[in-house]
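Going letter by letter, the sequence shown gives residues 647 to 964 in the working numbering.
Presented below is the structure to which this report refers.
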Amino acid sequence: MADSSTRVALVPGGPHPYFAAWELAGKDAAKDFGLGAADYKVPQKWELSLQNQMLESLVTQGYNAFLVFPGDPVGTVAIADELAATGAPVMALAGCLKDPSQAVFCMGTDTGNSAYLGTQELLKVLPKGAKIAHFTGFLVDPNTQLRIDAVEKAASEGGAEVVQVIADIDAPEPAEEKINAYLAAHAGDVDGIITTAWVPAVVASNALRKIGDKRIKMVGIDHDEVVLGAIKDGYVHGTMLQNPYGQGYLGSYAADRLRSGCTVKDDAPFKSIALTDKFIDSGTVFAGADAVDNYVSSMQNITKEIFDGFEDTYLNCG
647 MADSSTRVAL VPGGPHPYFA AWELAGKDAA KDFGLGAADY KVPQKWELSL QNQMLESLVT
707 QGYNAFLVFP GDPVGTVAIA DELAATGAPV MALAGCLKDP SQAVFCMGTD TGNSAYLGTQ
767 ELLKVLPKGA KIAHFTGFLV DPNTQLRIDA VEKAASEGGA EVVQVIADID APEPAEEKIN
827 AYLAAHAGDV DGIITTAWVP AVVASNALRK IGDKRIKMVG IDHDEVVLGA IKDGYVHGTM
887 LQNPYGQGYL GSYAADRLRS GCTVKDDAPF KSIALTDKFI DSGTVFAGAD AVDNYVSSMQ
947 NITKEIFDGF EDTYLNCG
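This is the structure:
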């Protein structure tokens, strides 16, 4: 079935632990579908120009399908359109390009929904009228504002108050500095913490372990070992898993099908989100203490569910 001349490049906006699962997903997809390659290529740092240069150079190296986390939802459109003009399928993964673009679709976490559900899980273990702090990612990431709005919405619906939002801390230094300073001054003033970016989840998990009294309840995000360990030991209530593995695996599969002559259905049931009308949700699930040991199988199950219906749902393969 596979066209082994398909060479997929999976390119994040820069180094970040979230994307590590793309590497394994690419390897598995290459093996399962007989692809020529599905390689994980990371720009040295988070600069749009570096990502653009890398993408241009990958074209000359013979890559002919691109799965890209947009360094900028508007700024990356031009390079995506340039890649598509070479005949390569281009998909936005984990973050979307702003319509109109030549991206076939965007597949990622419905980040607003995930933050909303995570806040609801947190509220279940908090008293009425609870005070919540929200630690989140970079404001240049379009997902961050969606997360801030969703946490605020869930909190106000649940009769809780978001007393502090700290953003721009999805890197070790600012996260350590800001979160530890905030908790040193205000740990007594908050009942709950929601974190909606990888590094803040890790740093806040460690901070709550240090405080040690388990009074403050927290819901994190992603599957860092520190977060999973803190959940097991009762310092963190749970985490909202995302599915980067599924994004890379399904994206590589779809790229190959599109290069083999399939087209996207006109009536494909895409979701509409703020940036695009061509969104596919790669899945999210809450994992508490009872589920943390099985997080990999949780994600593989979600991936399998999406995969089983993917071609029928989204593609015409004649």
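Positions of the beta carbon are idealized from the N, C-alpha and C atoms, including for glycine.
Applying the 10 Å Cβ sphere with the 16-neighbour rule, what's the burial state of Ile948? buried
Just to confirm, are Asn656 and Gly672 a CB contact at a threshold of 8 Å? At residue 656 the sequence reads Leu, which differs from the Asn that was named. Yes, the Cβ-Cβ distance between Leu656 and Gly672 is below 8 Å.
Counted within 10 angstroms of its Cβ, other Cβ atoms place Arg861 as buried (16 or more) or exposed: Under a 10 Å Cβ-count criterion, Arg861 is classified as exposed, with fewer than 16 other Cβ atoms of the shown protein chains found around its own Cβ.
Can the beta-carbon of Glu669 be found less than 8 Å from the beta-carbon of Tyr686? The answer is yes: Cβ separation under 8 Å.
Would you mind listing the alpha helix (DSSP H) stretches within the region 717-752 that are 4+ residues and don't spill past its ends, in chain order? Listed in chain order, the alpha helix (DSSP H) runs fully inside the region 717-752 are 723-731, counting runs of at least 4 residues.
Quick one, are the C-beta atoms of Asp902 and Lys917 less than 8 Å apart? no
Give me the DSSP bridge partner(s) of Lys590. Since the first residue shown for the chain is 647 and the last is 964, residue 590 is missing from the structure and cannot be characterised.
Looking at the structure shown, is Ile952 part of a helix, part of a strand, or coil, going by DSSP? helix
Beta strand (DSSP E) segments (min. 3 residues) lying fully within the region 817-894: 838-841, 863-867, 884-887
Would you kindly check if the distance between the Cβ of Ile839 and the Cβ of Ala779 is under 8 Å? Contact flag set, yes.
Residue range of the unbroken alpha helix (DSSP H) whose run includes Phe784: Note, Phe784: premise wrong, no alpha helix (DSSP H); not H, not E.
So, do the region 794-808 and the region 767-784 have three or more beta carbon pairs nearer to each other than 8 Å? The answer is yes - the region 767-784 touches the region 794-808, with three or more Cβ pairs under 8 Å.
Report the CB separation of Ala684 from Val654 in whole angstroms; it is logged as a contact under 8 Å. 4 Å
For Phe751, which of His869, Phe712, Gly758, Lys856 has the nearest alpha-carbon? Phe712
Burial state of Asp954, where buried means 16 or more other Cβ atoms lie within 10 Å: exposed
Determine contact between the region 687-702 and the region 884-891, defined as no fewer than three beta-carbon pairs at a distance below 8 Å. The region 687-702, when compared against the region 884-891, does not touch it at the 8 Å Cβ threshold.
At a cut-off of 7 Å, is Ser747 close to the ligand HEM when judged by its beta-carbon and the heavy atoms of the ligand? Of the ligands one can find in the structure shown there are none, so the ligand HEM has no counterpart to examine.
Please state the DSSP three-state secondary structure of Gln810. In this structure, Gln810 counts as strand in the three-state DSSP scheme.
What is the DSSP secondary structure of Asn962, counted as helix, strand or coil? strand
Let me check understanding here. Comparing Cα to Cα, which of Leu694, Ala935, Tyr891, Ser651 lies closest to Pro663? Tyr891
Report the three-state DSSP secondary structure of Leu772 (helix, strand or coil). Coil, per DSSP.
Phe932 lies in the alpha helix (DSSP H); which residues open and close that run? It is not in any alpha helix (DSSP H) - Phe932 instead sits in the beta strand (DSSP E) that spans 931-934.
Got a sec? Which residues, its chain only, sit under 7 Å from Thr652 by beta carbon, not counting five neighbours each side? Leu681, Gly682, Asn710, Ala711, Ala901, Asp902, Arg905
Closest to Ser760 by CA distance: which of Glu693, Ala833, Gln690, Ala843 is it? Ala843
Can you tell me whether Glu798 is buried or exposed? The criterion is at least 16 other CB atoms within 10 Å of its CB, across all chains shown. buried
What is the residue span of the alpha helix (DSSP H) that Phe665 lies within? From DSSP, Phe665 is part of no alpha helix (DSSP H); its letter is neither H nor E.
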